[in-house]
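**Student:** Everything in the sequence shown is counted per this note's numbering, starting at 114 for the first residue and increasing by one.
Provided herewith is a single structure, encoded as structure tokens, for subsequent inquiry.
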Amino acid sequence: MREVSFERAVSKHAEGSCLVKFGDTHVLCTASLEEKTPPWLRNSGKGWVTAEYGMLPRATGDRMRREAAAGKQGGRTQEIQRLIGRSLRAVVDLTALGERQITVDCDVIQADGGTRTASITGGFVALHECLKWMEARSMVKVDKVLKDHVAAISCGIFANQPVIDLDYLEDSSAETDANFVMTGAGSIVEIQGTAEGVPFSEEEFLTLMRLARNGIADLVEMQKQALA
Numbered sequence: 114m115r116e117v118s119f120e121r122a123v124s125k126h127a128e129g130s131c132l133v134k135f136g137d138t139h140v141l142c143t144a145s146l147e148e149k150t151p152p153w154l155r156n157s158g159k160g161w162v163t164a165e166y167g168m169l170p171r172a173t174g175d176r177m178r179r180e181a182a183a184g185k186q187g188g189r190t191q192e193i194q195r196l197i198g199r200s201l202r203a204v205v206d207l208t209a210l211g212e213r214q215i216t217v218d219c220d221v222i223q224a225d226g227g228t229r230t231a232s233i234t235g236g237f238v239a240l241h242e243c244l245k246w247m248e249a250r251s252m253v254k255v256d257k258v259l260k261d262h263v264a265a266i267s268c269g270i271f272a273n274q275p276v277i278d279l280d281y282l283e284d285s286s287a288e289t290d291a292n293f294v295m296t297g298a299g300s301i302v303e304i305q306g307t308a309e310g311v312p313f314s315e316e317e318f319l320t321l322m323r324l325a326r327n328g329i330a331d332l333v334e335m336q337k338q339a340l341a
């Protein structure tokens, strides 16, 4: 993998925050608490964790127009933020959270491939920080709300070789591209895999799965060290 780092408490106002770096991909993740739930969860006794994702105009080589200026979010943005939300909820006991909502915002400062996997991995750290903030105020117990860690990594076949944590050059030219989301215990949350050129075999998929499982185990250890 590329060099990975987590910097906590980078936002003065957010209940939880983390600047995550996967090589030259940098994402600012903030977790914000609201003492309310979506209308469809009202009086259910359950809370909610959701996510929003966006890229700053100069996160890439050429300036991108802000989606707000276009008046709507693109399909890619919506798909990624739903993935982040699903991934984080997979390890949250929504009943233990209570009737509250935590929104994890993932803003890509600099993109060089793997922004969605970095957002999930750093978003978990920001979520944990938010829950620690709540625990300090006797609102929840972190170990009751969080059932496990969750992290994500990309894997693919580039130049006929299985590789992990693809940067933009590898990602844009890969024959196969996949994103894996797993828990600290190794359970699968979600897999997104696509043959960009030649269809891949089951053996190749299992090779990527092994790469991902090992990489995510390393990321979970890094999360634990950052949160210690």
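Every residue gets a Cβ at the ideal spot worked out from N, C-alpha and C, and that includes glycine.
Keep in mind it's a predicted model, so treat the numbers as computed, not measured.
Out of curiosity, what's the CA-to-CA distance linking Ala265 and Gly306?
**Tutor:** Taking the first residue of the sequence shown as 1, we reach residue 265 at position 152. Taking the first residue of the sequence shown as 1, we reach residue 306 at position 193. Using only the alpha carbons, I get a separation of about 13 Å.
**Student:** With a CB to CB cut of under 7 Å and the five nearest residues on each side skipped, what residues in its chain are close to Trp153?
**Tutor:** Start at 1 with the first residue of the sequence shown, and residue 153 comes out as number 40. Excluding sequence neighbours, Trp153 sits near nothing in its chain.
**Student:** Identify which residue in Gly174, Met168, Asp175 and Glu148 has its Cα closest to the Cα of Val162.
**Tutor:** In the sequence shown, the residue the question calls residue 162 occupies position 49. Considering only alpha carbons, the answer is Glu148.
**Student:** Take the Cβ of Arg229 as the centre, count every other Cβ of all protein chains shown within 10 Å, and call the residue buried at 16 or more, exposed below.
**Tutor:** Here residue 229 corresponds to residue number 116 of the sequence shown, with the count starting at 1. Arg229 is buried by the Cβ-count criterion.
**Student:** So what's Asp256 in DSSP terms, helix, strand or just coil?
**Tutor:** Residue mapping note: residue 256 aligns to position 143 of the sequence shown, counting from 1. Of the three classes helix, strand and coil, the one that applies to Asp256 here is helix, per DSSP.
**Student:** Please report the distance separating the alpha-carbon of Val294 from that of Thr138.
**Tutor:** The residue given as residue 294 occupies position 181 in the sequence shown. The residue given as residue 138 occupies position 25 in the sequence shown. Cα to Cα, the separation comes out at about 18 Å.
**Student:** Val253 to Thr289, Cα distance in whole Å?
**Tutor:** One-based indexing of the sequence shown puts residue 253 at position 140. One-based indexing of the sequence shown puts residue 289 at position 176. When rounded, the distance between both Cα atoms is 42 Å.
**Student:** Give the single residue among Gly226, Glu242, Arg121 and Glu309 whose Cα lies nearest to the Cα of Thr173.
**Tutor:** Locating residue 173 in the sequence shown gives position 60, where the first residue counts as 1. Cα-wise, what sits closest to Thr173 is Gly226.
**Student:** Exposed or buried, which one is His126 when buried takes at least 16 other CB atoms within 10 Å?
**Tutor:** Within the sequence shown, residue 126 is the residue found at index 13, counting from 1. By the neighbour-count rule (16 or more Cβ atoms within 10 Å), His126 is not buried but exposed.
**Student:** Please name the residue, chosen from Gly187, Glu165 and Leu207, that lies closest to Leu196 on a Cα-to-Cα basis.
**Tutor:** The count along the sequence shown starts at 1 and reaches residue 196 at position 83. Selected option, being the one with the closest Cα: Glu165.
**Student:** Across which residues does DSSP place Arg121 in a beta bridge pair?
**Tutor:** As a first step, residue 121 must be located in the sequence shown, where it is residue number 8. Its beta-bridge partners are Cys131.
**Student:** Given Gly236, which residues of its chain have a CB within under 7 Å of its CB, disregarding the five upstream and five downstream residues?
**Tutor:** Reading the sequence shown from its first residue, position 123 is the one you call residue 236. Only Cys142, Ala164, Ile197, Leu201, Val217 and Cys219 meet the Cβ criterion.
**Student:** Can you name the start and end residues of the alpha helix (DSSP H) that Val333 belongs to?
**Tutor:** On the sequence shown, residue 333 is found 220 positions in, with the first residue counted as 1. Looking at the DSSP string, the run of the alpha helix (DSSP H) that includes Val333 is Glu315 to Leu340.
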